[in-house]
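*Asks:* Numbering (the working numbering), first residue to last: 103 to 339.
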Ligand SMILES: C[S@@+](CC[C@H](N)C(=O)[O-])C[C@H]1O[C@@H](n2cnc3c(N)ncnc32)[C@H](O)[C@@H]1O
């Protein structure tokens with residue numbers, strides 16, 4: 103790792119180990135200013151290297167669930183960053199729309215897709231204000247979208263359910279509150295973490311096909327690295 107990356111990791115509150123271990127990471131208690139990792143500039147800076155911050159391999163949970171999708175289906179990859187998950191899905195023959203608010207990430211996702219000769223549709227947009235549409239997607243993939251605190255999360259979870267077609271699938275993986283002990287990735291904010299109860303309640307209008315809290319070792323670039331407290335959800339609208 104070069105010094106520049108190391109400096110960034112030490113200063114910023116999102117990503118693996120050192121950053122989450124720092125005592126300077128507590129959020130400002132009553133501030134309305136966006137936290138660093140909620141700012142586009144934070145992610146643009148993260149992604150402004152040739153390296154892929156979360157690697158090029160798809161998330162393991164997503165890979166394990168892809169058999170549930172059928173080539174040609176329309177899939178939304180939420181906050182897809184540099185495209186490791188969207189590109190994987192496109193490689194499986196899915197019609198993927200990757201949305202992220204970092205133009206640098208989306209440009210890297212496009213370059214990655216082009217290097218593999220697959221088509222990835224992309225959009226630079228803030229998920230808090232984006233027009234998601236209604237009954238538009240056969241599946242929505244939400245892998246580590248925990249930049250969202252409770253208010254934005256409520257909006258995003260509602261939009262997910264509206265944007266899925268009837269019968270559409272949600273594939274979601276995130277961290278549970280114990281991740282704050284592991285410090286191997288994710289924001290250091292307990293209110294952004296997911297619990298079984300939170301997800302059951304949030305998606306009570308969907309059929310929950312799979313919901314599991316578990317620990318696993320992640321090796322996803324320098325962003326998610328080490329033993330992690332995870333929660334996986336597969337739901338059908
Ligand atoms: C932890 S990264 C996960 C990236 C990707 N899902 C993955 O697993 O590789 C979170 C992503 O959320 C994006 N993001 C943060 N806030 C956002 C917002 N309000 N709207 C859209 N994207 C956002 C960031 O640019 C970043 O790419």
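We put the CB at the ideal spot given by N, CA and C, even for glycine.
If you're wondering where the values come from, they're calculated on a predicted model, not measured in any experiment.
If you drop the 5 nearest sequence neighbours on each side, which residues of the same chain put their C-beta closer than 6 Å to that of residue 197?
*Replies:* 176
*Asks:* List the endpoints of the continuous beta strand (DSSP E) containing residue 268.
*Replies:* Here the beta strand (DSSP E) through residue 268 covers 266 to 277.
*Asks:* For the alpha helix (DSSP H) containing residue 146, list its first residue and its last residue.
*Replies:* DSSP places residue 146 inside the alpha helix (DSSP H), whose first and last residues are 142 to 149.
*Asks:* With residue 172 as the anchor, note down where its alpha helix (DSSP H) starts and where it stops.
*Replies:* Where residue 172 is concerned, there is no enclosing alpha helix (DSSP H), given that its DSSP letter is neither H nor E.
*Asks:* By the three-class DSSP mapping on this structure, what secondary structure does residue 257 have?
*Replies:* helix
*Asks:* Suppose only complete runs of 3+ residues qualify. What are the beta strand (DSSP E) ranges in the region 206 to 256, listed by chain order?
*Replies:* Runs of the beta strand (DSSP E) inside the region 206 to 256: 223 to 226 and 239 to 245.
*Asks:* Taking contact to mean 3 or more Cβ pairs, one atom from each stretch, closer than 8 Å, check whether the region 283 to 300 and the region 240 to 258 are in contact.
*Replies:* yes
*Asks:* Can you determine whether any heavy atom of ligand 1 sits closer than 8 Å to the C-beta of residue 245, and answer yes or no?
*Replies:* yes
*Asks:* Evaluate residue 169 with the Cβ neighbour count: other Cβ atoms within 10 Å of its Cβ, from every protein chain shown; 16 or more gives buried, anything less gives exposed.
*Replies:* exposed
*Asks:* Check whether the Cβ atoms of residue 229 and residue 181 sit closer than 9 Å, and answer yes or no.
*Replies:* yes
*Asks:* Along the chain, where does the beta strand (DSSP E) containing residue 345 start, and where does it finish?
*Replies:* The chain is shown from 103 up to 339; residue 345 falls before or after that span and cannot be answered.
*Asks:* Could you tell me whether the Cβ atoms of residue 163 and residue 272 are closer together than 9 Å?
*Replies:* no
*Asks:* Excluding the 5 residues flanking residue 167 on each side, which residues of the same chain have their C-beta closer than 7 Å to its C-beta?
*Replies:* 273 and 336
*Asks:* Report yes if the C-beta of residue 156 is less than 8 Å from at least one heavy atom of ligand 1; otherwise report no.
*Replies:* yes
*Asks:* Going by beta carbon distance, what residues of the same chain come within less than 6 Å of residue 207, once the five residues before and after it are set aside?
*Replies:* 149, 183 and 184
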